[in-house]
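Engineer: Please read through the structure below; I'll follow up with questions.
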Amino acid sequence: MAATIIRNGTIVTAADTYQADVLIEDGIIKQIGLGLTAEGAEIVDATGKYVFPGGVDPHTHLDMPFGGTVTADNFETGTRAAAFGGTTTIIDFCLTDKGKPLSESLRKWHAKAEGKAVIDYSFHLMISEINDAVLAELPSIVQDEGITSFKVFMAYKNVFQADDGTLYRTMLSAKELGAMVMVHAENGDVIEFLVEKALAEGNTDPIYHALTRPSAIEGEATARAAALAELTGARLFVVHVTCAEAVKAIREARTRGVDVWGETCPQYLMLDQSYLALPDFEGAKYVWSPPLREKSHQEVLWNALITGSLQTLGSDQCSFNFKGQKDLGLGDFSKIPNGGPVIEDRFSILYSEGVAKGRLTLNQFVDIVATRNAKLFGLFPRKGTIAVGSDADIVIFDPNAERTISAETHHMNVDYNPFEGIRVSGVPESVMSRGEFVVRNQAYVGTAGSGQFLKRATYKQASGSDSKEKVQQL
């Protein structure tokens, strides 16, 4: 692999902003400094551009079966779209089947990704039951497979939902292994009752998806998960936080010293519950779980990112076409496949709405979109920063360019975009994965299958200690 020098750009990490060149050899950042040279190196001029580390998206669902269909984006189309959006690493959710070995599900997910992914990837592992067989497999999953995060659903009753005993025992095992426990925090039992009641009363439109999943029960589930984490000493990560009640539960738990972290998503920062009330079934485009909230929750989420009560941004990429998939729920909102296409716009929305509008500093932006996720999920410093020895996952970003988000121009394999018509400031111009361009001057130059599976460290390995004091310094 020939050497590459990125010259004259402004390097931005979670800690620093400075002018320097970057020398890349064999997929690794070899040197950072001014006036760098290397024999035969290709020179890439980044004058007037930011040089960011590639984004790390910890929350995707590619080629995932749900509600009688399968997500519209697979590991090729989804990772290609991610790259166009400035993301160079994803962590996808591997679903498991009760009564079957965890390793069987992992083989299935490896087969989905191998030969397709154009950027690097890893997996989280869903835990839906805890028994002797599952407990016997978990150590090898962590140590040999390098999968160091487990997902437990507290919602989707009779589909994915696990009971509190399963969550508690998962936390006990994860604590012992140094693995992270992730939760989808909603009270699935209450939701089931509210959904059945709404349908019995003839309320079938998409807006009832939101009305049967009130924010109070997300807050309750978040507080319950945090209490179990406090009891077990496990590390907890709450995915897709949407509301003030959940933010409050996380903030209060962290104040008590609980090892809990929180993620929100662009859709909750930008869109609100009124979208689900759009006529002609258009509201189905905005059905995901937890649902969009009243607009007042948006500023709470922004403030939580600014102050550190929430620490990361994921996409919760889970795309279904409006025609042929979302319309499975015509006449019954509970049958609308949950999810939306977000992977391509996560990076740009956070920059445009965060940095360009003065909410976030450049360094906060990098931390939220890349560095913190790399640290929390055992990938730092290989991923999530620009440093000597790190993978050359790099975004050359033009802060002066603008684009209008649209399904007509996006690269996701889906027939709508929830952010249609929103104009964003700043565009990822070129994107490198391990020193090779995937996107160059906004044109795709990548190769399906070039993405590598990433074995991740446990949080004990990453921090060098399991003490809360050291872990909280991430």
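Here full-length UniProt numbering is used: the first residue of the sequence shown is 1, the next is one more, and so on.
Backbone N, C-alpha and C define an ideal beta-carbon position, used for all residues, glycine too.
Starting from the C-beta of residue 466, find all residues in its chain whose C-beta is less than 7 Å away, skip the five residues before and the five after it, and write them out in chain order.
Structural biologist: One-based indexing of the sequence shown puts residue 466 at position 466. Caution applies to residue 466, whose pLDDT of 40 falls short of 50 and renders its modelled position unreliable; the model cannot decide the point.
Engineer: Since I believe residue 71 is in contact with residue 90 (beta carbons under 8 Å), could you give me their beta-carbon distance rounded to a whole number of angstroms?
Structural biologist: The residue given as residue 90 occupies position 90 in the sequence shown. The residue given as residue 71 occupies position 71 in the sequence shown. At roughly 13 Å, the Cβ-Cβ gap does not stay under 8 Å, so residue 90 and residue 71 are not in contact.
Engineer: Out of 194, 234, 389 and 250, state which residue places its alpha-carbon closest to the alpha-carbon of residue 219.
Structural biologist: Working through the sequence shown from its first residue, we reach residue 219 at position 219. That would be 250, whose Cα lies nearest to the Cα of residue 219.
Engineer: Taking the alpha carbon of residue 211 as the point to measure from, which residue in 304, 319, 283 and 360 has its own alpha carbon closest?
Structural biologist: The residue you call residue 211 lines up with position 211 of the sequence shown. Cα-wise, what sits closest to residue 211 is 283.
Engineer: Judging by CA-CA distance, which residue of 367, 233, 98 and 332 is the nearest neighbour of residue 263?
Structural biologist: Here residue 263 refers to the residue found at position 263 of the sequence shown. The residue with the shortest Cα to Cα distance from residue 263 is 367.
Engineer: Enumerate in chain order the residues of its own chain whose CB-to-CB distance from residue 407 is below 8 Å, with the five nearest sequence positions on each side excluded.
Structural biologist: If you number the sequence shown from 1, residue 407 lands on position 407. Closer than 8 Å at Cβ, skipping near neighbours: 414, 415, 416, 417 and 420.
Engineer: With which residues is residue 452 paired in a DSSP beta bridge?
Structural biologist: As a position in the sequence shown, residue 452 is number 452, starting the count at 1. Per DSSP, residue 452 has no beta-bridge partner at all.
Engineer: What three-state label does DSSP hand residue 445 in the structure shown?
Structural biologist: Locating residue 445 in the sequence shown gives position 445, counting from the first residue. DSSP places residue 445 in coil when its eight states are reduced to three.
Engineer: Buried or exposed: which applies to residue 268, given that a residue is buried once 16 or more other Cβ atoms fall within 10 Å of its Cβ?
Structural biologist: Here the question's residue 268 lines up with position 268 in the sequence shown. Buried is the call here.
Engineer: Which one or two residues does DSSP pair with residue 123 in a beta bridge?
Structural biologist: As a position in the sequence shown, residue 123 is number 123, starting the count at 1. Paired residue(s): 92.
Engineer: Restricting to Cα atoms, I'd like to know which of 64, 116 and 74 is closest to residue 96.
Structural biologist: What you label residue 96 is simply residue 96 of the sequence shown in a count that begins at 1. Answer by Cα proximity: 64.
Engineer: Would you call residue 256 buried or exposed, if buried means 16 or more other Cβ atoms sit within 10 Å of its Cβ?
Structural biologist: Numbered from its first residue, the sequence shown carries residue 256 at position 256. Flag for residue 256 reads exposed.
Engineer: Tell me the DSSP secondary structure of residue 267 in three-state form.
Structural biologist: Residue numbering aside, residue 267 sits at position 267 when the sequence shown is read from its first letter. The answer is helix: DSSP assigns residue 267 an H, G or I state.
Engineer: Buried or exposed for residue 400, going by 16 or more other Cβ atoms inside 10 Å?
Structural biologist: Locating residue 400 in the sequence shown gives position 400, counting from the first residue. Classification of residue 400: exposed, given that the 10 Å Cβ count is below 16.
Engineer: Rounded to whole angstroms, what is the Cα-Cα separation between residue 470 and residue 52?
Structural biologist: On the sequence shown, position 470 is the one that residue 470 refers to. On the sequence shown, position 52 is the one that residue 52 refers to. The predicted model places residue 470 with a pLDDT of 42, which falls under 50 and marks its position as unreliable, so this point remains unresolved.
Engineer: Under 8 Å between the Cβ atoms of residue 2 and residue 438?
Structural biologist: Locating residue 2 in the sequence shown gives position 2, counting from the first residue. Locating residue 438 in the sequence shown gives position 438, counting from the first residue. No, the pair does not count as a contact, with Cβ atoms beyond the cut-off.
Engineer: Closest to residue 457 by C-alpha separation, out of 383, 266, 76 and 79, would be which residue?
Structural biologist: Counting from 1 along the sequence shown, the entry for residue 457 is found at position 457. Residue 457 has its Cα closest to that of 383, out of 383, 266, 76 and 79.
Engineer: Assuming residue 75 contacts residue 112 under a Cβ cut-off of 8 Å, what Cβ separation, rounded to an integer in Å, is found between them?
Structural biologist: As a working note, residue 75 is residue 75 in the sequence shown. As a working note, residue 112 is residue 112 in the sequence shown. So it is a contact: roughly 6 Å between Cβ atoms.
Engineer: Leaving out five residues on either side along the sequence, give the residues of the same chain with a beta carbon under 7 Å from the beta carbon of residue 135.
Structural biologist: Counting from 1 along the sequence shown, the entry for residue 135 is found at position 135. Closer than 7 Å at the Cβ level, and outside the excluded window around residue 135, lie 173.
Engineer: Would residue 430 and residue 352 be called neighbours here (beta carbons separated by less than 8 Å)?
Structural biologist: As a working note, residue 430 is residue 430 in the sequence shown. As a working note, residue 352 is residue 352 in the sequence shown. Contact: no.
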